[in-house]
Structures are given as structure tokens and as C-alpha cells.
Amino acid sequence: MLARLGAERQPAPDPGLDPGREELRALVQRRDQLKRMETQEKNRLSACALPLVARDIRAELAGLGRRVARIEAAIAGHLAAHPELRAADRLLHSIPGVGAVTAVTLLGHLGELGRASRRAVANAVLRTGMPFDRTRAETA
114 MLARLGAERQ
124 PAPDPGLDPG
134 REELRALVQR
144 RDQLKRMETQ
154 EKNRLSACAL
164 PLVARDIRAE
174 LAGLGRRVAR
184 IEAAIAGHLA
194 AHPELRAADR
204 LLHSIPGVGA
214 VTAVTLLGHL
224 GELGRASRRA
234 VANAVLRTGM
244 PFDRTRAETA
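For the sequence shown, position 93 (counting from the first letter as 1) is numbered 206 according to this note's numbering, and the numbering increases by one without interruption.
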């Protein structure tokens with residue numbers, strides 16, 4: 114059935130992400146991983162009673178903080194080196210409530226931004242599992 118639909122409609126192939134967005138996605142994913150690790154360590158620290166273990170967890174948190182800072186600097190450098198991404202980042206920042214992390218996450222994970230209709234972007238958000246307000250999408 115899908116083959117027949119494809120033969121009838123002959124949709125254009127998805128161009129995929131450009132290399133700049135692929136790199137940004139990898140940086141954003143690594144930042145997210147490090148932040149999750151940081152949260153886990155903070156949770157462990159709050160439940161820790163042994164001073165030796167608490168010191169070790171604090172040392173790990175300090176190291177994770179430095180690593181997050183390096184990745185965030187790499188993200189900023191990447192945006193500075195790619196004018197198209199930098200312009201899209203500025204545009205996203207102009208939306209109330211959209212901060213630095215949300216903007217780069219959207220840019221890294223939604224290659225459709227700036228190239229597709231609102232509906233196509235909304236469908237892409239639904240596919241990625243990103244948080245999304247469905248009531249607003251239905252009116253778009």
C-alpha cells in the first residue's frame with residue numbers, strides 16, 4: 114500500500130540535515146547527556162551520608178560543570194561559524210520564552226525549520242517526541 118502511494122504521489126526525497134546542523138545536533142545531544150549525568154550526581158549527593166563519597170560526587174559535579182561549559186562554548190563557536198544558523202538562532206531568540214538551550218535544540222533537531230510550512234514543522238515535532246502544545250498545532 115505504501116509503495117503504491119509513493120508511486121502515485123512521487124514525493125520528493127527528504128534532503129536531510131546539512132552538515133552544520135548535524136554537528137549542532139551532536140553538540141546539543143552531548144550537552145543534554147552531560148546535564149542528565151549532572152542531575153543524577155546531584156540526586157546521589159542529596160542521598161549521600163558518607164563524607165568521602167560526598168566529596169567524590171562533588172568532584173564529579175565540578176568536572177561535569179567544566180565539560181558542560183566546554184560544550185556550550187563549542188555550540189556558541191559553531192553558531193558563530195555558520196551565519197545561517199546564527200541568523201536562525203537570533204530569530205528563535207526573538208520569540209518570547211525561547212532561550213539559548215531551546216533555540217539550539219530546535220535548530221539541531223528540526224532541520225525543517227525555515228524550509229517547511231508550519232504544519233510540516235509541527236509534524237516533525239510530533240515525530241521527534243519533543244514537548245508540544247497540540248491545541249495550538251490544531252489551529253495552525
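All residues carry an ideal CB built from backbone N, CA and C; glycine is no exception.
(1) When the distance is taken between beta carbons, is L205 closer than 8 Å to L219?
(2) Whole angstroms are fine: how far does the CA of C161 sit from the CA of L198?
(3) Buried or exposed for D131, going by 16 or more other Cβ atoms inside 10 Å?
(4) So what does DSSP say about Q153, is it helix, strand or coil?
(5) Going by C-alpha distance, which of L177, V217, P124, S159 is nearest D202?
(6) I'd like to know if the stretch 142 to 149 and the stretch 164 to 172 are in contact, where contact means that at least 3 CB-CB pairs between them fall below 8 Å.
(7) So, with DSSP's three-state summary, where would you put P209?
Quick answer:
(1) Cβ atoms of L219 and L205: closer than 8 Å.
(2) Within the model, the alpha-carbon separation for L198 versus C161 is close to 43 Å.
(3) D131 should be labelled exposed.
(4) Q153 falls in the helix class under three-state DSSP.
(5) Nearest to D202 by C-alpha distance, out of L177, V217, P124, S159, is V217.
(6) Result no; under three Cβ-Cβ pairs closer than 8 Å.
(7) Looking at P209 - three-state DSSP - the assignment turns out to be coil, as it is neither helix nor strand.
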